[in-house]
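A.B. asks:
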Amino acid sequence: MLIVVNTEIIFAGPKTFTVFAPTDSAFESFSKDGAPVWTEEDGPEAAKVIISRHVIPSTLYTAGMRYYLQKDTLRPQSPVHIHKNGGRVRVNEVNVVTHNIPATNGVLHAIDGIL
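Its first residue numbered 1, the sequence shown is counted upward by one per residue in the UniProt record's numbering.
The structure is reproduced here in structure tokens:
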């Protein structure tokens with residue numbers, strides 16, 4: 001999906017980001033009415049909407065997460081709700097399966113679903 005979308009527009013500038021990145025199996029298991037969450041026919045704008053719901057415009061490691069936290073994404077009308085309990089982290093209704101993966105301009109957290 002990232003190949004089709006011009007991610008330079010999303011990730012441009014000296015800002016830092018937190019990306020909740022769905023795993024391959026998350027994309028494989030998620031569908032809308034039996035169809036993939038996104039196809040080329042949907043176009044790059046639809047892909048940008050999907051990606052923007054997975055990105056927070058700041059760096060957030062799990063150490064900075066509390067029991068309940070709401071953060072705006074790059075799509076402000078789609079904030080994420082983060083729940084941390086006993087070392088387990090959920091974003092909306094999906095689990096963080098790998099956390100605190102460092103990136104040049106932020107951090108990645110692998111998730112087992114689509115936000």
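Cβ atoms here follow ideal geometry from the backbone N, Cα and C, with glycine treated the same way.
#1: Would you kindly work out how many angstroms separate the C-alpha atoms of residue 105 and residue 95, rounded to a whole number?
#2: Anyone know if the C-beta pair for residue 55 and residue 19 falls short of 8 Å?
#3: Taking only the alpha-carbon atoms, compute the straight-line gap between residue 63 and residue 90 and give it to the nearest angstrom.
#4: Buried or exposed, going by whether 16 or more other CB atoms sit within 10 Å of the CB of residue 113?
#5: Look at residue 75 and residue 53 and say whether their C-beta atoms are less than 8 Å apart.
#6: Between which residues of its own chain and residue 108 is the CB-CB distance below 7 Å, once the five residues before and five after are set aside?
#7: So, with DSSP's three-state summary, where would you put residue 4?
C.D. replies: According to the structure shown:
#1: Here residue 105 is taken as the residue at index 105 of the sequence shown, counted from 1. Here residue 95 is taken as the residue at index 95 of the sequence shown, counted from 1. Roughly 23 Å separates the two Cα atoms.
#2: On the sequence shown, residue 55 is found 55 positions in, with the first residue counted as 1. On the sequence shown, residue 19 is found 19 positions in, with the first residue counted as 1. Contact: yes.
#3: As a working mapping, residue 63 is identified with position 63 in the sequence shown. As a working mapping, residue 90 is identified with position 90 in the sequence shown. Residue 63 and residue 90: Cα-Cα distance of roughly 14 Å.
#4: Within the sequence shown, the letter at position 113 stands for residue 113. Buried, since its Cβ has 16 or more Cβ neighbours within 10 Å.
#5: Position 75 of the sequence shown, counting from 1, holds the residue named residue 75. Position 53 of the sequence shown, counting from 1, holds the residue named residue 53. Their beta carbons are under 8 Å apart, which means residue 75 touches residue 53 by this criterion.
#6: As a first step, residue 108 is located in the sequence shown; it is residue number 108 there, counting from the start. Same-chain partners within the cutoff: 19, 21 and 101.
#7: As a first step, residue 4 is located in the sequence shown; it is residue number 4 there, counting from the start. Only weak support exists for where residue 4 lies, its pLDDT of 41 falling under 50; the value from the coordinates is given anyway. Coil.
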